[in-house]
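J.: One structure is given below, represented as structure tokens, and several questions about it will come after.
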Amino acid sequence: MPQFLMPSLGADMTEGTVLQWLVHPGDTVHPGDVVAEVDTTKAAIEVECFDDGVIGEILVPEGSTVAVGTPLATIEPASMPAAQPQPTGPPLPTGEAVAETSAPHPAPASADKPPAESGRSPVAAHGNGERPDVLATPLIRRLAAEAGIDLHTVHGSAPGGRIVRADVDRLVAQEHRGGRPAGANGERTAVAEPIAAERGSTAPADRHVRASGYARRLARELWMDLAAVTGSGPGGAIRVADVRAAQRIATTAAAPRDGSGRMLGDGDASRAGGVSRAGGAEDSGRSLPGPAVPVPGEPAVTGTTAVPGRDQAAMRSLIAAAMTRSKRTVPHYYLSATIDMDAAMRWLRETNLRAPVSERILPPALLLRATALAARKVPQLNGFWVDDEFRPATDVHLGFVVSLRGGGIIVPTIAHADTLDVPAMMAALRGAVSRSREARLHAADTTPATLTVTNLGELGVDSVYGVIAAPQVAIVGFGAITERPCAVDGLLGVRPQLTVTLSADHRASDGAIGARFLNALADLIQRPEEL
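Read in order, the letters of the sequence shown correspond to residues 1 to 531 in UniProt numbering.
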């Protein structure tokens, strides 16, 4: 029987924690369906299914940490009945189930009436909450219920009008931008608002609380119990803003007060014990106790003592171990070249003038596209050093270094980067960076990279020489694009230029190969209209 295994979501991953199952036994799944959320040291990652079938049995419960390769669930052919495991605790009701139990039950229909005349809705007519007139898998139905989306109002984009995850994600994103999501005809979809009210203060255990992966991670860093946080998202789901609001309330409640119960001001607090004020604009006039706990994504407050999160320390240890191992075992050689960016920058300006603001292209997308094509032209740098030999990769999967606001780095991957044109590369880059900084990577973002790129140009440095992420054999570095004096056709002028560097494994290639790669890269960048 096929099994769904704990995936390896990076070279430094040895184990993972199942944060949340998005499917239950009996659910039909298809390739691309997200079935679980797995936590690694660096991020919470949505794990996709790669087979058609039915979820048989959940083998690893939520909250459990297991090694890579451990069976997490069984997947049975769609024709086979799914196993019915014994329940280990009270099931978490879906949004529809909660709404149904909170409503008065209609009187049972008489025996001589057909089911259609019993007065029950299509949802109530099916014990599993499925609507026969909506083309969607049980997983999509559950995701829609948790987001408070009425699938009757959703226009499916798949063949035959079938509703897929992208349709649900699109409506959720629209709801986040402003108001409730609109259905296919523009009407507002029904949002299960009573769920939040019914939750009250009797939230279930932390792992059964509906919350985003980033909200869970932030709560762990702040040592907060999610069961005590009231969610403002669809169906009472907890968002990052809810965790931060709860933190502000908790710290304000614990602020020092004088004998009459008055909250001490900044000066009083300092005299009472060195407490300094921290917080955003909405904390104006209130004093918070120290030491302050830093919130990822927000600047540190001067005068407070930062308490680093546990995950940040673990991430730093992983980075230290990987970089030390690479410098100790991989014989690096280094090359650099200066590239004239005049044609590339003119092409970008002209292209962006014709494009909507949301589709404008930034230089990193062009650089990544050129790097992917150069790797295809010089395959000796695209692959892995394994068992004392170089093994070239058949595809170009570009990893790129993303600096996290709270410190540390993460390296998501753009799979099959050589098949993406510049606009598609920009979209992939924007999405992966956003997911990295929200600690919510997709499984595709963790495809093993065949070549890595680091770009510190936005920080103003002229060049960067990266450390190879073994077993890869090279890393490309880009600095800032700056105006520099140069000679053009015998005349001195000022043109935009870029320094590109290459750190390569001397076991897999020699300097001549590296030079060929840099020359190919420069040639591609200087002919942007052909990318």
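Think of the CB as a built atom: it goes at the ideal place given N, C-alpha and C, for glycine as much as any other residue.
Starting from Ser-336, trace the beta strand (DSSP E) in both directions and tell me its first and last residue.
T.: Where Ser-336 is concerned, the enclosing beta strand (DSSP E) stretches over 332-340.
J.: Please tell me whether Val-396 has its Cβ less than 8 Å away from any Cβ of chain B.
T.: No chain B is part of this structure, which consists of one protein chain only.
J.: Could you check what DSSP says for Phe-4 in three-state terms: helix, strand or coil?
T.: Strand, per DSSP.
J.: In the DSSP assignment, the beta strand (DSSP E) including Val-18 goes from what residue to what residue?
T.: Taken as a continuous stretch (DSSP letters only), the beta strand (DSSP E) holding Val-18 covers 15-21.
J.: Exposed or buried, Ala-344, counting other C-beta atoms within 10 Å across all chains shown (16 or more means buried)?
T.: So Ala-344 ends up on the buried side.
J.: Can you look up Ala-424 in the DSSP assignment and give me helix, strand or coil?
T.: Three-state result, Ala-424: helix.
J.: State buried or exposed for Asp-489, treating a residue as buried only when at least 16 other CB atoms are found within 10 Å of its CB.
T.: Counting Cβ neighbours within 10 Å, Asp-489 comes out exposed, since fewer than 16 surround it.
J.: Using a 10 Å radius around the Cβ and a threshold of 16 neighbouring Cβ atoms, would you call residue 538 buried or exposed?
T.: Nothing about residue 538 can be reported from this structure: the residues present for the chain run from 1 to 531 only.
J.: Between the segment 432-442 and the segment 475-484, are three or more C-beta pairs nearer than 8 Å?
T.: Because the criterion of three Cβ pairs below 8 Å is not met, the segment 432-442 and the segment 475-484 do not touch.
J.: Count the CB pairs spanning the segment 353-367 and the segment 402-415 that are closer than 8 Å, and state whether there are at least three.
T.: Touching, no.
J.: Taking its Cβ as the centre, do 16 or more other Cβ atoms sit within 10 Å of Glu-458, making it buried, or is it exposed?
T.: The residue in question, Glu-458, is exposed, as its Cβ has fewer than 16 Cβ neighbours within 10 Å.
J.: Can you tell me the Cα-Cα spacing of Gln-472 and Asp-523, whole angstroms?
T.: So the two alpha carbons sit approximately 24 Å from each other.
J.: Consult DSSP for Pro-363 and reduce its assignment to one of helix, strand or coil.
T.: Helix.
J.: Just to confirm my understanding: we take Ala-428, look at its own chain, exclude 5 residues before and 5 after, and list those with CB closer than 7 Å. What are they?
T.: Correct list, in chain order: Ile-414 and Leu-420.
J.: Tell me whether Glu-389 is buried or exposed, calling it buried when 16 or more other Cβ atoms sit within 10 Å of its Cβ.
T.: By the neighbour-count rule (16 or more Cβ atoms within 10 Å), Glu-389 is not buried but exposed.
J.: Output the boundary residues of the beta strand (DSSP E) element that contains Leu-459.
T.: It is not in any beta strand (DSSP E) - Leu-459 carries neither H nor E in the DSSP assignment.
J.: I need the DSSP call for Val-168, collapsed to helix, strand or coil.
T.: Helix at Val-168.
J.: From the DSSP output, read off the bridge partner residues of Asn-519.
T.: Asn-519 pairs with nothing; no bridge assigned.
J.: With burial defined as no fewer than 16 other Cβ atoms inside 10 Å of the residue's Cβ, what is the status of Val-386: buried or exposed?
T.: Exposed: under 16 other Cβ atoms inside 10 Å.
J.: By alpha-carbon positions, which one of Val-35, Ser-232 and His-506 ends up nearest to Phe-384?
T.: Among Val-35, Ser-232 and His-506, the Cα nearest to that of Phe-384 is on His-506.
J.: What's the gap between the Cα of Ser-358 and the Cα of Tyr-334?
T.: Approximately 37 Å between the Cα atoms of the pair.
J.: I need the straight-line Cα distance from Arg-516 to Gly-466, nearest angstrom please.
T.: Each residue's Cα considered, the two are about 19 Å apart.
J.: Counting along the chain, where does the beta strand (DSSP E) carrying Phe-390 start and finish?
T.: Its beta strand (DSSP E) spans residues 389-392.
J.: Could you pull the start and end residues of the beta strand (DSSP E) that His-397 belongs to?
T.: His-397 -> no beta strand (DSSP E), and no H or E assigned at all.
J.: Could you pull out every unbroken beta strand (DSSP E) segment of at least 3 residues lying fully inside the segment 24-48, listed in chain order?
T.: The qualifying runs are 34-39 and 44-48.
J.: Rounded to the nearest angstrom, how far is the Cβ of Ala-241 from that of Ser-232, given a contact under 8 Å?
T.: 7 Å between Cβ atoms; contact.
J.: Looking at the structure shown, is Gly-514 part of a helix, part of a strand, or coil, going by DSSP?
T.: The answer is helix: DSSP assigns Gly-514 an H, G or I state.
J.: Is Leu-398 closer than 8 Å to Ala-449 when the C-beta atoms are compared?
T.: Yes, Cβ-Cβ distance for Ala-449 and Leu-398 is below 8 Å.
J.: In three-state DSSP terms, what is Arg-440?
T.: Reduced to three states, the DSSP call for Arg-440 is strand.
J.: For the ligand HEM, is there a heavy atom less than 7 Å away from the beta-carbon of Arg-239?
T.: The ligand HEM is absent from the structure shown, which contains no ligand whatsoever.
J.: Have a look at Glu-37, Gly-53, Val-54 and Ile-55 and flag the residue whose alpha-carbon is nearest the alpha-carbon of Val-47.
T.: Comparing Cα-Cα distances from Val-47 to each of Glu-37, Gly-53, Val-54 and Ile-55, the minimum goes to Glu-37.
J.: With a threshold of 8 Å on Cβ separation, who are the neighbours of Val-168 within its own chain once the five nearest residues in sequence on each side are excluded?
T.: Counting only Cβ-Cβ distances below 8 Å, and skipping sequence neighbours, we find Ile-140, Leu-143, Ala-144, Ala-147, Ile-149 and Val-154.
J.: Considering only their Cβ atoms, is the gap separating Pro-496 from Ile-481 smaller than 8 Å?
T.: Yes. Within cutoff.
J.: To the nearest angstrom, how far is the alpha carbon of Arg-376 from that of Val-453?
T.: When rounded, the distance between both Cα atoms is 15 Å.
J.: Give the straight-line distance between the Cα atoms of Pro-485 and Val-433, rounded to the nearest whole angstrom.
T.: Near 33 Å, if we compare the C-alpha coordinates of Val-433 and Pro-485.
J.: Is Glu-529 helix, strand or coil by DSSP?
T.: It is helical.
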